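Here's the structure we're looking at; comments come further down.
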Amino acid sequence: AQFISFMVHDPEVGKIMGYDRGILSTTEQYDAFVPTDDQNKGVKAYEEEVAKAGVLGKITPHPSGADVVEAAFLRIGGEVSQGKTKPADAAKALFSEAKAAFAG
Numbered sequence: 031a032q033f034i035s036f037m038v039h040d041p042e043v044g045k046i047m048g049y050d051r052g053i054l055s056t057t058e059q060y061d062a063f064v065p066t067d068d069q070n071k072g073v074k075a076y077e078e079e080v081a082k083a084g085v086l087g088k089i090t091p092h093p094s095g096a097d098v099v100e101a102a103f104l105r106i107g108g109e110v111s112q113g114k115t116k117p118a119d120a121a122k123a124l125f126s127e128a129k130a131a132f133a134g
């Protein structure tokens with residue numbers, strides 16, 4: 031949990047990673063990242079243009095447990111695609127794991 035919190039919230043991670051993992055996940059990281067190449071400058075300019083237009087709200091982190099649900103989704107989806115789990119059973123398992131992840 032500490033590692034995930036560090037990767038999502040620490041401004042230094044934003045400075046180092048930039049847009050390598052997609053759009054920066056928190057306002058602190060977004061504010062810390064200063065692109066130096068034309069491609070990333072273009073991405074930042076586009077984000078600022080969209081934000082000024084009022085299309086997007088403030089950047090907020092994913093809800094607690096979202097990473098656990100995503101991992102479960104990928105794992106369970108793989109089990110279905112390999113024929114190891116029936117789709118109905120997979121759906122029950124995913125919802126059960128998601129409920130537990132979001133509860134704690």
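To convert, count from 1 in the sequence shown and add 30; that's the working numbering. Backbone N, C-alpha and C define an ideal beta-carbon position, used for all residues, glycine too. Small disclaimer: the values here were computed from a predicted structure and weren't measured.
- Nearest to Val-110 by C-alpha distance, out of Leu-124, Glu-77, Ile-53 and Val-85, is Leu-124.
- Taken atom to atom, the span from the alpha-carbon of Asp-61 to that of Glu-127 is near 34 Å.
- Counting the other Cβ atoms within 10 Å of the Cβ of Leu-104 gives fewer than 16, which makes it exposed.
- Counting only the Cα atoms, Ala-83 lies some 12 Å from Ala-75.
- Residue state for Lys-114 is assigned as coil, using DSSP reduced to three classes.
- If the five residues before and after Phe-63 are omitted, its C-beta is found closer than 7 Å to the C-beta atoms of Gly-44, Lys-45, Gly-48 and Leu-54, all from its own chain and listed in chain order.
- Taking C-alpha positions only, Ile-34 is separated from Arg-51 by approximately 13 Å.
- A Cβ-Cβ contact shorter than 8 Å links Phe-132 with Gly-95.
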